[in-house]
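Below is one structure; the comments refer to it alone.
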Amino acid sequence: MARMYPEFLGNEYENSNPEAIVFESLKQLSDDYSVIHSKKIKGGSKHQEEVELDFIIFDGKQNLICLEVKGGNINFDAVQNKWYQNGKEMLKKPD
24 MARMYPEFLG NEYENSNPEA IVFESLKQLS DDYSVIHSKK IKGGSKHQEE
74 VELDFIIFDG KQNLICLEVK GGNINFDAVQ NKWYQNGKEM LKKPD
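Sequential numbering of the sequence shown, starting at 24, is according to our numbering.
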């Protein structure tokens, strides 16, 4: 089982919450993996002051994955370069 930081989610996460579902799935990774949930990072002068990474996943060797979790129905229109969540255009692109 992966090492999870924090080890458990707080009470504010319901079982149906997309981040809670991913959290439980990531626990099933091998012991080599470390997973950090909800890490805030300070930006530089030309970027956002602060951003939050839903998950940072390290495989224990050399690979680091930053994972953003979105709930609902997510679609991308490549022609218009627009993202949609539940049929509404997203103001912030998830990528």
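Glycine included, every Cβ here is placed at the ideal spot set by N, Cα and C.
- In its chain, beyond the 5 residues on either side, Lys62 and Cys89 have a beta carbon closer than 6 Å to the beta carbon of leucine 76.
- Here glutamate 47 carries a helix assignment [DSSP, helix/strand/coil].
- With 16 or more neighbouring CB atoms inside 10 Å of its own CB, methionine 27 falls in the buried class.
- Remark: C-beta atoms of leucine 52 and alanine 43 do not approach each other more closely than 8 Å.
- In chain order, Gly66 place their CB closer than 6 Å to the CB of glutamate 72, counting only its own chain and leaving out the 5 sequence neighbours on each side.
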